[in-house]
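K.L.:
To start, I am sharing the structure in question, which I have written as structure tokens.
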Amino acid sequence: MSDNLPPCPQCSSEYTYEMNALMVCPECAHEWAPADADEAPEAAGERVIKDAVGNVLADGDTVTVVKALKVKGSPSGIKAGTKVRNIRLVDGVDGHDIDCRIEGFGAMQLKSEFVKKA
Numbered sequence: 014m015s016d017n018l019p020p021c022p023q024c025s026s027e028y029t030y031e032m033n034a035l036m037v038c039p040e041c042a043h044e045w046a047p048a049d050a051d052e053a054p055e056a057a058g059e060r061v062i063k064d065a066v067g068n069v070l071a072d073g074d075t076v077t078v079v080k081a082l083k084v085k086g087s088p089s090g091i092k093a094g095t096k097v098r099n100i101r102l103v104d105g106v107d108g109h110d111i112d113c114r115i116e117g118f119g120a121m122q123l124k125s126e127f128v129k130k131a
């Protein structure tokens, strides 16, 4: 076995081997292209932010609020189904990782678990 082959991304087995252009794990039978592991954002240490259903979010996306949200200082909150355009992903406080501007409310931060990519 070669020491420079990557472990299996599914079961972390160290007994992987090359077969043509693929890497193969003999323990779980997982096959993958070596380039797939290099391009995974989680493996590179980048922070990946996902919405309520698991879609990966990016700067500039349009999202829809999936749950009615209360807003401090406002008699009515943000209704479910409100579209938010041109979001920015930030390292916010208390899990608020989306910076945006909502019409009628102004600039605010949202948690990604309460939005869905539109």
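Just so we're aligned: the sequence shown equals residues 14 to 131 in this note's numbering.
Each residue gets a CB set at the ideal place from its N, CA and C atoms; glycine is no exception.
(1) Does DSSP classify glutamate 31 as helix, strand or coil?
(2) Measuring only the C-alpha atoms, how far is threonine 75 from threonine 29?
(3) Once you ignore the five residues that flank aspartate 104 on each side, which residues in its own chain have a CB closer than 8 Å to its CB?
(4) Measuring CB to CB, does serine 26 end up less than 9 Å from proline 39?
(5) Closest to alanine 71 by CA distance: which of Ala34, Leu18, Leu82 and Leu102 is it?
(6) For the putative contact between valine 79 and valine 128, defined by C-beta atoms under 8 Å, what is the C-beta separation to the nearest angstrom?
(7) Considering alanine 120, what are the terminal residues of the beta strand (DSSP E) in which it resides?
(8) Cα-Cα, which of Glu31, Ala34 and Trp45 is closest to proline 22?
P.N.:
From the atom records:
(1) strand
(2) 41 Å
(3) Arg60 and Asp110
(4) yes
(5) Leu102
(6) 6 Å
(7) 119-124
(8) Trp45
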